[in-house]
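First the structure, in the form of structure tokens, and then the observations on it.
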Amino acid sequence: MDPKEFRNKTLLVVLERQAFPLTSYTKASSKQNASQVLSAQELSENDDFSTSLVLDPFLNFCTHKMNTRFRAPRVQKEELTRIITNFCIHQDYEKAYKQLTSGEWANVFFHIKSKVQLTKFKEHIIRYLRIFDKHSGFEILPCSRYSTENYMGAKVCATKNGARMNVYPI
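Numbering-wise (this note's numbering), the sequence shown opens with residue 427 and increments by one.
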């Protein structure tokens, strides 16, 4: 079998086994509703907001953003860290989402979004919260290994034993 073909089949198997729907991030087929598809700009915006609300406070540094002009919402970093820490204990996605999206910045952000866009944003935040799920099979930790990044980075560490090519749904 051709290595490229093997890689594509492996990727397809991994994507099929994911616990969350991927239709939001794939090209719309003729049967899909066009409102289910995120544009590159929407994906970029959702990802930048999600990393700034969920990952950045936990890692204690600003991660790379897709939009070079992105400005993080003005939220107390300690408050976001507390929300993520509490989520690790209670594992209530709805409660964590409501806490993360409460505040003055959210009113401005949500005011200009449609219901479909808000649903996609919520799905994206929940995907990032799944990083901190007790049953995810991995965890994200700060890493100070690389000097080119000023010794600030992150690493993904497995928390479950597994065989090669195992797929753990998140």
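Built from N, CA and C at the ideal position, the CB exists for glycine as well.
Do Ile510 and Phe558 have their CB atoms nearer than 8 Å?
Your numbering for residue 510 matches position 84 in the sequence shown. Your numbering for residue 558 matches position 132 in the sequence shown. Cβ distance < 8 Å, so Ile510 and Phe558 count as in contact.
Exposure label - Phe547; buried when at least 16 CB within 10 Å
Translated into the one-based positions of the sequence shown, residue 547 becomes position 121. With 16 or more other Cβ atoms within 10 Å, it is buried.
Within 10 Å of its beta-carbon, does Phe513 have 16 or more other beta-carbons around it, so buried, or fewer, so exposed?
Along the sequence shown, one-based indexing puts residue 513 at 87. Classification for Phe513: buried.
Between Met492 and Ser465, which are expected to be in contact by the criterion C-beta below 8 Å, what is the C-beta distance as a whole number of angstroms?
In the sequence shown, counting from the first residue as 1, residue 492 sits at position 66. In the sequence shown, counting from the first residue as 1, residue 465 sits at position 39. Not confirmed; about 12 Å, so no contact.
Taking only runs of the alpha helix (DSSP H) that begin and end inside the segment 502 to 560, which ones reach a length of at least 4 residues, in chain order?
503 to 516, 519 to 526, 530 to 537, 541 to 555
Whole angstroms is fine: what's the gap from Pro499's alpha carbon to Glu468's?
Looking up residue 499 in the sequence shown gives position 73. Looking up residue 468 in the sequence shown gives position 42. So the alpha carbons of these two residues sit roughly 16 Å apart.
Ordered along the chain, which non-local residues of its own chain (more than five positions away) have a Cβ less than 6 Å from that of Pro483?
What you label residue 483 is simply residue 57 of the sequence shown in a count that begins at 1. Answer for Pro483: Lys503, Leu506, Thr507, listed in chain order.
Are Tyr519 and Leu481 close, meaning C-beta to C-beta below 8 Å?
By 1-based counting over the sequence shown, the position of residue 519 is 93. By 1-based counting over the sequence shown, the position of residue 481 is 55. The answer is no: Cβ separation not under 8 Å.
Which term fits Lys581, buried or exposed, when burial requires 16 or more other beta carbons within 10 angstroms of its beta carbon?
Locating residue 581 in the sequence shown gives position 155, counting from the first residue. Exposed is the call here.
Is Leu526 closer than 8 Å to Phe536 when the C-beta atoms are compared?
In the sequence shown, residue 536 corresponds to position 110, counting from 1. In the sequence shown, residue 526 corresponds to position 100, counting from 1. Their beta carbons are not under 8 Å apart, which means Phe536 does not touch Leu526 by this criterion.
I need the DSSP call for Pro568, collapsed to helix, strand or coil.
Stepping through the sequence shown from its first residue, residue 568 is reached at position 142. In this structure, Pro568 counts as strand in the three-state DSSP scheme.
Would you check if the distance between the CB atom of Leu485 and the CB atom of Ile551 is smaller than 8 Å?
Stepping through the sequence shown from its first residue, residue 485 is reached at position 59. Stepping through the sequence shown from its first residue, residue 551 is reached at position 125. No, Cβ-Cβ distance for Leu485 and Ile551 is not below 8 Å.
Going by C-alpha to C-alpha distance, which of Thr574, Ser562, Met578, Tyr523 sits closest to Pro568?
Counting from one through the sequence shown, the residue named residue 568 turns up at place 142. Nearest option by C-alpha distance: Met578.
In angstroms with no decimal places, state the Cα-to-Cα distance between Ser528 and Ser570.
The sequence position of residue 528 within the sequence shown is 102, counting from 1. The sequence position of residue 570 within the sequence shown is 144, counting from 1. The alpha-carbon atoms of Ser528 and Ser570 are separated by roughly 32 Å.
Same chain, Cβ closer than 7 Å to Thr585, five either side skipped, listed in chain order:
By 1-based counting over the sequence shown, the position of residue 585 is 159. Result list for Thr585: Gly563, Phe564, Glu565, in chain order.
Within 10 angstroms of the Cβ of Asn533, are there 16 or more other Cβ atoms? Answer buried if so, exposed if not.
The residue labelled residue 533 in the question sits at position 107 within the sequence shown. That one is exposed.
Rank Phe475, Val593, Gln517 by C-alpha distance to the C-alpha of Arg497 and give the top, closest one.
As a first step, residue 497 is located in the sequence shown; it is residue number 71 there, counting from the start. Arg497 has its Cα closest to that of Phe475, out of Phe475, Val593, Gln517.
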